[in-house]
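Everything below concerns the one structure shown next.
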Amino acid sequence: MNTESLRNDVLVPAVAKTLDIAAKVKPTKDELCTTAKITAAVEAGKKEFPFTTGQNQYDFVDYDIFAEQVAAVVSQSDINGIINICSGKPEKLSDRVERFIKENNYNIKLEYGAFPDRPYDSKAVWGDGKKIQEIMNK
């Protein structure tokens, strides 16, 4: 099986099925992600949510953009090698979580500094978006 056939006959359908399944999965209160915990706190009537300083920065990508990028990468063959699925921009954790709260019209405030920042977490991590932007701009 050649590379093009492998991509079209195996990889693209597998990624499409995975994305379809993932789109149907909703976070539960039992999950350990911050957004699920905030949602549970709101549903429990809490007005404050204990948080870190929120100053660490990460490369957050909303699910719909992530799915578009993955589909674009596996549907092309011009750009190869390591291709980061990313925004290419760092965003403070506090800004992303505050945006989540606002987008969901939650009436809850973050209690900054209630938890210490973990000393082993990187202060800022983001992907190199050059290749993905080139693919997305085609």
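At position 112 of the sequence shown the residue is numbered 115 (the working numbering), and the sequence of numbers has no breaks.
Built from N, CA and C at the ideal position, the CB exists for glycine as well.
What do you reckon, are the CB atoms on residue i and residue j nearer than 8 Å?
i, j, result
"Thr38", "Phe103", "yes"
"Gly116", "Gly91", "no"
"Glu114", "Phe52", "yes"
Alpha carbon to alpha carbon, how far is residue j from residue i? Give it in angstroms, no decimals.
i, j, result
"Lys134", "Gln60", "21 Å"
"Cys89", "Ile68", "9 Å"
"Gln58", "Gln79", "37 Å"
"Ala43", "Ile85", "37 Å"
"Asn87", "Gln136", "10 Å"
"Gly132", "Ala70", "15 Å"
"Ala47", "Asp98", "23 Å"
Would you identify the three-state DSSP class for residue i, choosing helix, strand or coil?
i, result
"Gln79", "coil"
"Ala74", "helix"
"Met109", "The amino acid at residue 109 is misidentified as Met; the sequence shows Tyr. The answer is coil: DSSP assigns Tyr109 none of H, G, I, E or B."
"Tyr61", "strand"
"Ala39", "helix"
"Phe52", "strand"
"Lys133", "helix"
"Ala127", "strand"
Can you find a CB in chain C that lies within less than 8 Å of the CB of residue i?
i, result
"Thr37", "The chain inventory of the structure shown lacks chain C, comprising one protein chain alone."
Since residue i contacts residue j with CB under 8 Å, what's their CB separation in whole angstroms?
i, j, result
"Ile111", "Lys50", "6 Å"
Buried or exposed: residue i, going by 16 or more other Cβ atoms within 10 Å of its Cβ?
i, result
"Phe118", "exposed"
"Val128", "exposed"
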